Amino acid sequence: MPRHALHRWLALRSSHGDFSWYHRRFQHADARLTCVCGHNKSPEHLVLCRHSQRHFLHWPKRPAARPHNRATAVAYLGSLTPTDFVELLDCTQFYTRYCTR
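Residue 30 in our numbering sits at position 24 of the sequence shown; the count goes up by one each step and never skips.
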């Protein structure tokens with residue numbers, strides 16, 4: 007797994023990363039708390055963001071129904087293998103184009 011993807015994978019699994027509640031808890035005053043879509047950054051936002059959902063349609067391993075709330079998003083992300091997660095990041099370009107630091 008590439009280092010950049012490993013970083014995101016571990017942050018997703020541990021909830022310690024570039025997420026709004028994490029920055030608030032540790033009082034990171036200079037952190038961006040929202041995605042470009044306007045929603046708070048969170049682990050599940052990767053599949054809930056309207057920008058990544060547009061690209062989600064082109065991903066061959068997408069679920070039959072797109073995740074539409076926190077519970078389904080967490081369940082879906084938890085079911086991904088590391089290889090699938092890397093492919094999802096490449097397909098959606100979520101962290102490189104939309105939810106950058």
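Ideal placement from N, C-alpha and C gives every residue a C-beta, glycine not left out.
Just so it is clear, the structure is predicted and the values come from calculations on it, not from any experiment.
Buried versus exposed, by CB contacts within 10 Å (16 or more), Lys67: exposed
Contact check, Lys47 vs Ser20, beta carbons under 9 Å: Cβ distance not < 9 Å, so Lys47 and Ser20 don't count as in contact.
Cβ contact check for the segment 23 to 39 and the segment 93 to 100: 3 or more pairs under 8 Å: Under the 8 Å Cβ criterion, the segment 23 to 39 does not count as touching the segment 93 to 100, having fewer than three qualifying pairs.
Which residues DSSP lists as bridging Asn46, in chain order: Thr40
Span of the alpha helix (DSSP H), counted from its first residue to its last, around Ser85: 76 to 85
Classification of Ala77 by the beta-carbon crowding that lies within 10 angstroms, buried from 16 upward: exposed
Cβ distance (whole Å) where Phe62 is taken to contact Ala11 below 8 Å: Ala11 and Phe62 do not touch by the CB rule: their CB atoms are close to 17 Å apart, not below 8 Å.
Rounded C-alpha distance that separates Gln59 from Leu18: 18 Å
Reduced DSSP category for Pro88 - H, G, I as helix; E, B as strand; rest coil: helix
Status (buried if at least 16 other CB within 10 Å, exposed otherwise) for Pro88: exposed
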